[in-house]
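**Student:** According to our numbering, the sequence shown is numbered sequentially starting from 1. Quick reminder that beta carbons are idealized off the backbone N, C-alpha and C, glycines included. Okay, here's the structure, questions in a sec.
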Amino acid sequence: MEENQKPVKKDKFPLWAILLIIFLFITVIGAIGAVVFLFLGIDARFDHVSIINNDVEARTYNAKLMERNQKVIKNPEYKYGDLTIIEYPYAKDEENNLIYYLGEEGRKLLSDQFRKRANFGPEIDALTTVYINREIPSSDHHDSVNGVYYPHIGEIYLNLNSIIKLGPKIINDWPLEKRVEAILSVLVHEYTHHIDNVYDTSVKENDPYASSELEYKLNSDGKANVVNAKFLERFKEALKFNRPANYKDYLKTPIAFNVVDDERPIFKDYSSYDLFNYANNWEKNWTKEELERYKALELKLLIGNYYFNNTLNNDVRFSSSISRKNILYQYSFEELVPRELLKMSFTSTNMNFKNSRGKLKPIYNGDEELNPFENYLYFKLPITDSIYLTAIGDDDFKMFGLLEPASWQKDGKPYHNYTAFNTDWVFDEQLSIYLNANNQRPFAEIVKKQPNKYLSLLFEAYLDLMGYRQLISFAAVDNSNWVSDKTNNLKGRTDLLKFGGYLNLDDKQLEAVKNNAKTAFIIENNNVQKQLDIHTFNFNYIAKQKWNSKYDETGSNTYSETDLYQNDENYTYVSYVTDPFDKKDFLGKSTSGLFDITLWIDKNNNNIVEEDEKFELLNNAEGQKYYGLQEQNSRNITSYRSVYSLTNIPNISNKDYSYQIQIANKNNKNYLEIKQY
């Protein structure tokens, strides 16, 4: 039996929905792109369940704003460093009670799992809302995607249509942990688009740290895809997207593929470098050989010759052939940024999902998993003959799998001989045995001499892009009260700015902050002081040790930021964001744009700034370290967002919203600098 996998549709920059970042949606019936599940053979009809989009019936976890006396104000109970989740019901029971996919406990659990298993820092404050089961504003995408990120306003929509069609009786039989797990990787995928929007593409073409070497091919305008140059360079190195000496160096040996005759694997003829090169690099920069090979590729794609299937030993296969649009989308740099982070970092779970009737499907036999893919790369949809493919499953199944059937035994136990069918992979276990079309193992000696080389390169690339350890790593226009509607209108103030980053606190400072001591920056210019309140919270950085590492609280199966960057054991980094501030207060005629900045922690909670509560930030050893990291990471910290420049967004694109907020060194002294970008 097969189910439908609709390819993502990219718009040609239509109005405000320009850079809709969309994850492939697996529907249950249809014929465009499909995944075939090889275990079940049961036919079932779905009860029709419609989305109920009524704001009154929506339920919120961790609201940023609240209404009081007919005014919208900041919620005093809002938890910084956490998601705001708004869920809409999908059905009613026999007594007309509303039914929610997650409910109150589920929304809290989703947030908790996100904060443990996703990568995030201060930029989380610029994500306004995660909507669950709300109608997606653009009608083009209402029923065709699992997730959408709207960069112009900082919202994520999680679409549950492929699950809720099962109906409440089946869904309610799923334990809460399973319902959360099914959608978590989609949320993490979409959130990484937010990371990309805030850090990687917040750069203008004339910025000294910008790269214009990529072409944005998701439309026909022939524009450059302007991104951070250092991140692009390291991303390509870690994932082998630089041109090899011979194109066969990165091709997998043909003997590894095991497929049905009419489903030729694209990776048998074209490497991931080829697909990256085809989807991103300007045609004028292709070699003559590449031009000939890619023109042949286009002809074969028109005929429908190529598939993402590599082996019959996997549980699922894609039944639709690959189109040119599939490659331009899935291998675009914009889409690879979340896909590769997910492959590197998104852990599986230790949970055995018991349903409400007490039935438990055994998925372990001693230390060996009977099925390493189920409940991670996909979920069975009960009573039906279909599956729900997760975001991590969509990424992994296209280039990873088993050389032998899953039932193959070693020493009387299930044994899984995993292999990568292409080179955009960072785990040593598969890279060390990667056999190419020239019958060589190009990475065996590299990973032997430098264990985890490619994993470390990629993990470090993301951490440095996000500015981990920088005093100021993030800047934005405050979008917490922006409103968009179906008439392509976006309303909100653009004169309020905020910034964030990381503070390296000693034990006493950390204890005071944890005890909710008021914390602020004292900002001074021309003997005029301003107090800017800040809010501290925990960040999270995580990478797997193996492709399917399981999450646990001890971190024994994963790496963190401390595995790359050691810190003094008496100090701890925390994230922070400032309160929004009016740019006129800092860029008036009486200021130079250069400010002295001091940290104030009100240890005794008397709301009086005392000298022993003030801490120098910039002009000491720690300040020099902050400045050095900023220069080393080669990224200007700006409130600029490319989405506002690439399209006309009413009330925003024509406004003055682009500012640069970072450390400046003038005459051997460090300052906080705020200036037009």
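Which whole-angstrom value is the C-beta distance of Asn-310 and Phe-276, which I expect to be below 8 Å?
**Tutor:** With a Cβ gap of about 18 Å, Asn-310 and Phe-276 do not count as contacting.
**Student:** Can you tell me whether Asp-394 is buried or exposed, with buried defined as 16 or more other CB within 10 angstroms of its CB?
**Tutor:** Buried.
**Student:** Kindly indicate which three-state DSSP category Thr-192 falls into: helix, strand or coil?
**Tutor:** Reduced to three states, the DSSP call for Thr-192 is helix.
**Student:** For Ile-392 versus Leu-377, is the C-beta spacing smaller than 9 Å?
**Tutor:** Yes. Within cutoff.
**Student:** By alpha-carbon positions, which one of Glu-95, Asn-54, Lys-625 and Ser-560 ends up nearest to Gln-470?
**Tutor:** The shortest C-alpha separation from Gln-470 is found at Lys-625.
**Student:** Do Phe-459 and Tyr-573 count as a contact pair if the criterion is CB distance below 9 Å?
**Tutor:** Not in contact: Tyr-573 and Phe-459 (Cβ atoms no closer than 9 Å).
**Student:** Is DSSP giving Leu-38 helix, strand or coil here?
**Tutor:** At Leu-38, the pLDDT of 40 sits below 50, so the modelled position is not reliable; the number obtained from the coordinates is stated separately. In the structure shown, Leu-38 sits in coil (DSSP, three-state: anything other than H, G, I, E or B).
**Student:** Report yes if the C-beta distance between Phe-539 and Ser-575 is below 9 Å; otherwise report no.
**Tutor:** It is a contact, given that the beta carbons lie within the stated cut-off.
**Student:** CB-CB under 6 Å to Arg-59, same chain, minus the five flanking residues each way: which ones, in chain order?
**Tutor:** If we look at Arg-59 and ignore the five residues flanking it on each side, its Cβ neighbours are Glu-87.
**Student:** Taking the alpha-carbon positions, what's the Ala-279 to Tyr-551 distance?
**Tutor:** Spanning the two alpha carbons is a distance of roughly 34 Å.
**Student:** Please determine, among Val-643, Ile-663 and Ser-645, the residue with the shortest C-alpha to C-alpha distance to Asn-636.
**Tutor:** Checked all of Val-643, Ile-663 and Ser-645; the closest Cα to Asn-636 is Ile-663.
**Student:** Under three-state DSSP, which class holds Gln-430?
**Tutor:** It is helical.
**Student:** Quick check on the burial criterion: 16 or more other C-beta atoms within 10 angstroms. Buried or exposed for Glu-511?
**Tutor:** When all chains shown are included, Glu-511 counts as exposed.
**Student:** Can you give, in chain order, each stretch of the alpha helix (DSSP H) that sits fully within the region 113 to 185 and has at least 4 residues?
**Tutor:** If we require 4 residues or more, the alpha helix (DSSP H) runs fully inside the region 113 to 185 come out as 161 to 164 and 168 to 171.
**Student:** Checking the sheet assignment: what are the DSSP bridge partners for Met-66?
**Tutor:** Paired residues: Ile-73.
**Student:** Which same chain residues, not among the five before or five after Asn-417, have their C-beta less than 8 Å away from its C-beta?
**Tutor:** Same-chain partners within the cutoff: Leu-402, Leu-403, Glu-404 and Trp-408.
**Student:** Determine the extent of the alpha helix (DSSP H) in which Ile-303 is found, giving its start and end residues.
**Tutor:** Looking at the DSSP string, the run of the alpha helix (DSSP H) that includes Ile-303 is 288 to 303.
**Student:** Answer with buried or exposed for Asn-228, where buried requires no fewer than 16 other C-beta atoms within 10 angstroms of its C-beta.
**Tutor:** Answer is buried; the Cβ neighbour count reaches 16.
**Student:** Could you tell me the distance, in whole angstroms, from the CA atom of Thr-709 to the CA atom of Ile-303?
**Tutor:** Outside the displayed span of the chain (1 to 677) sits residue 709, for which this structure offers no information.
**Student:** Applying the criterion that 16 or more other CB atoms from any shown protein chain within 10 Å of the CB defines a buried residue, is Glu-57 buried or exposed?
**Tutor:** It counts as exposed.
**Student:** With DSSP collapsed to three states, give me the class of Arg-324.
**Tutor:** Three-state DSSP puts Arg-324 in a helix.
**Student:** Could you check whether the region 591 to 600 touches the region 669 to 677, counting it as contact only if at least three pairs of C-beta atoms, one from each stretch, sit closer than 8 Å?
**Tutor:** As far as the Cβ criterion goes, the region 591 to 600 touches the region 669 to 677, which means the pair count is three or higher.
**Student:** Looking at the strands, I want to know which residues DSSP matches up with Arg-59.
**Tutor:** Per DSSP, Glu-87.
**Student:** Just verifying my parser: in three-state terms, what is the DSSP assignment at Leu-232?
**Tutor:** Three-state DSSP puts Leu-232 in a helix.
**Student:** Thinking just about the alpha-carbon of each residue, which of Asn-606, Asn-515 and Thr-494 is nearest to the one in Asp-656?
**Tutor:** If we check each option's Cα against that of Asp-656, Thr-494 comes out closest.
**Student:** Going by DSSP in three states, Leu-405 sits in which element: helix, strand or coil?
**Tutor:** Correcting the residue type first, residue 405 is Pro in the shown sequence and not Leu. Correct three-state label for Pro-405: coil.
**Student:** Keeping to the same chain, check which residues put their C-beta closer than 7 Å to that of Val-72; ignore five residues upstream and five downstream.
**Tutor:** So the list reads Leu-65 and Asn-481, once near-sequence residues are dropped.
**Student:** If you reduce the DSSP assignment to three classes, tell me which class Arg-107 lands in.
**Tutor:** Here Arg-107 sits in helix by DSSP.
**Student:** Leaving aside the five residues before and after Trp-547 along the sequence, list all residues of the same chain whose C-beta is less than 6 Å from its C-beta, in chain order.
**Tutor:** Around Trp-547: Phe-427.
**Student:** At the level of alpha carbons, what is the spacing between Glu-205 and Gly-81?
**Tutor:** Using only the alpha carbons, I get a separation of about 31 Å.
**Student:** Keeping to the same chain, check which residues put their C-beta closer than 6 Å to that of Phe-308; ignore five residues upstream and five downstream.
**Tutor:** Once the five neighbours on either side are set aside, the close Cβ partners of Phe-308 are Phe-318 and Lys-398.
**Student:** According to DSSP, is Phe-421 part of a helix, a strand, or is it coil?
**Tutor:** The answer is coil: DSSP assigns Phe-421 none of H, G, I, E or B.
**Student:** Taking the DSSP output, what are the residues bridged to Arg-264?
**Tutor:** Its beta-bridge partners are Tyr-306.
**Student:** CA-CA distance, Pro-451 and Ser-432?
**Tutor:** Answer to the nearest angstrom: the Cα atoms are 10 Å apart.
**Student:** Starting from the N-terminal side, write out each stretch of the beta strand (DSSP E) that is 3 residues or longer and does not extend beyond the region 532 to 593.
**Tutor:** Correct list: 571 to 578.
**Student:** Between the C-alpha atoms of Gln-430 and Phe-241, what's the straight-line distance to the nearest angstrom?
**Tutor:** So the alpha carbons of these two residues sit roughly 17 Å apart.
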